[in-house]
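Have a look at the structure below before the remarks.
Number of protein chains: 2
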Amino acid sequence: MGATKTEHFTSKQNSIATIAKALGHPARVAILEYLMKVDSCICGDIVNELPLAQPTISQHLKELKNAGLIKGNIEGNAICYCVDEKTIARMLQYLEAINQKIEMKKLKCC
Amino acid sequence: MGATKTEHFTSKQNSIATIAKALGHPARVAILEYLMKVDSCICGDIVNELPLAQPTISQHLKELKNAGLIKGNIEGNAICYCVDEKTIARMLQYLEAINQKIEMKKLKCC
DNA sequence: AATCTTTATTGTAATATTGCAATATAAAAT
DNA sequence: ATTTTATATTGCAATATTACAATAAAGATT
Numbered sequence: 000m001g002a003t004k005t006e007h008f009t010s011k012q013n014s015i016a017t018i019a020k021a022l023g024h025p026a027r028v029a030i031l032e033y034l035m036k037v038d039s040c041i042c043g044d045i046v047n048e049l050p051l052a053q054p055t056i057s058q059h060l061k062e063l064k065n066a067g068l069i070k071g072n073i074e075g076n077a078i079c080y081c082v083d084e085k086t087i088a089r090m091l092q093y094l095e096a097i098n099q100k101i102e103m104k105k106l107k108c109c
Numbered sequence: 000m001g002a003t004k005t006e007h008f009t010s011k012q013n014s015i016a017t018i019a020k021a022l023g024h025p026a027r028v029a030i031l032e033y034l035m036k037v038d039s040c041i042c043g044d045i046v047n048e049l050p051l052a053q054p055t056i057s058q059h060l061k062e063l064k065n066a067g068l069i070k071g072n073i074e075g076n077a078i079c080y081c082v083d084e085k086t087i088a089r090m091l092q093y094l095e096a097i098n099q100k101i102e103m104k105k106l107k108c109c
């Protein structure tokens with residue numbers, strides 16, 4: 000059929016996948032990195048920085064926001080976007096747990 | 000057009016996105032978790048474990064392999080798949096770096 | 001109030017992903 | 001040698017994603 004069978008997986012699996020999926024596009028990785036680099040973080044800057052049209056960037060920002068990776072505050076007619084540390088931390092902890100398990104069992108196979 | 004403009008981003012951004020994208024599906028997260036849980040890691044087991052058809056799982060395994068998240072050894076007529084710790088570590092380090100930067104600048108905006 | 005600036009939304013075309021039935025491949029067991 | 005077991009590939013339909021032009025919305029500036 001073509002649609003992800005979300006309902007067959009745990010909510011944790013789905014939520015990790017959602018975060019990872021949002022990180023799964025180089026433009027969104029670049030946006031995150033840019034938001035980290037500058038102190039003021041306004042969409043217009045990003046449009047000047049990246050080789051993508053303004054609607055495309057707006058859409059990528061929306062996806063990052065839906066996944067909880069960034070948050071945005073309205074400041075006058077501009078919007079201040081910045082990285083949401085909680086979601087980064089969640090993903091980080093997940094990978095740390097995997098990493099620890101790998102070290103513990105030290106590859107019985109492969 | 001619809002195709003990701005890979006060429007406009009750095010190879011690091013693309014490679015992080017590739018790893019994240021492979022993690023960006025709950026079935027692939029579940030496969031990774033299953034590979035971690037069991038000691039023997041053979042595709043047939045995964046088919047019994049997950050509510051997806053064998054070709055679908057085979058395809059997900061291929062994508063995880065292409066992204067470097069798992070590696071597979073042929074063992075007789077079965078294949079022993081397991082998590083590739085190097086790629087997990089790369090993603091982990093990337094997120095750790097972001098996390099540290101966030102802590103350093105402690106949110107000048109938002 | 002008219003205009004400018006900044007961001008979002010809509011519509012649409014191109015492309016990619018997801019999922020599976022059917023089939024292929026290849027080693028193991030009989 | 002045939003059959004069984006384990007995995008991969010092909011082909012295809014359904015759906016999702018990516019990108020952008022055109023347009024809308026909403027606060028700021030004049």
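If you read the protein sequences in the order shown, they are chains X and D.
Here the first sequence is numbered in numbering that gives the first Met the number 0, starting from 0 and rising by one per residue.
Here the second sequence is numbered in numbering that gives the first Met the number 0, starting from 0 and rising by one per residue.
Positions of the beta carbon are idealized from the N, C-alpha and C atoms, including for glycine.
Taking the CB atoms as reference points, tell me whether residue i and residue j lie closer together than 8 angstroms.
| i | j | result |
| --- | --- | --- |
| Ile101/D | Val37/X | no |
| Ala29/D | Leu60/D | no |
| Ile78/X | Gly71/X | yes |
| Ile45/D | Ile97/X | no |
| Glu95/D | Leu34/X | no |
Between which two residues does the alpha helix (DSSP H) harbouring residue i extend?
| i | result |
| --- | --- |
| Ala19/D | 10 to 22 |
| Glu32/D | 25 to 36 |
Thinking C-alpha only, which one of the options is nearest residue i?
| i | options | result |
| --- | --- | --- |
| Thr9/X | Arg27/D, Ala21/D, Gly43/D | Arg27/D |
| Thr69/X | Thr55/X, Ile41/X, Gly75/X | Here residue 69/X turns out to be Ile, not Thr, going by the sequence shown. The option with the nearest alpha carbon to Ile69/X is Ile41/X. |
| Glu84/X | Leu31/X, Glu6/X, Gln12/X, Lys11/X | Leu31/X |
| Lys11/X | Lys64/X, Asn65/X, Arg89/X | Arg89/X |
| Glu6/D | Leu51/X, Thr5/X, Thr3/X, Asn76/X | Leu51/X |
| Ala2/D | Lys4/X, Thr3/X, Ala2/X, Thr55/X | Thr55/X |
| Leu63/D | Lys104/D, Tyr80/D, Gly43/D | Tyr80/D |
Please determine whether the Cβ atom of residue i lies at a distance below 7 angstroms from any heavy atom of the ligand ATP.
| i | result |
| --- | --- |
| Asn65/D | No copy of the ligand ATP appears in this structure; indeed no ligand is present at all. |
Which runs of the beta strand (DSSP E) spanning at least 3 residues fall entirely within the segment 38 to 92 of chain X, listed in chain order? For the beta strand (DSSP E) assignment, the uninterrupted runs of no fewer than 3 residues enclosed by the segment 38 to 92 of chain X are, from N- to C-terminal side, 69 to 74, 77 to 82.
Flag this pair as touching only if the segment 12 to 25 of chain X and the segment 13 to 24 of chain D have three or more C-beta atom pairs under 8 angstroms; answer yes or no. Result yes; three or more Cβ-Cβ pairs closer than 8 angstroms.
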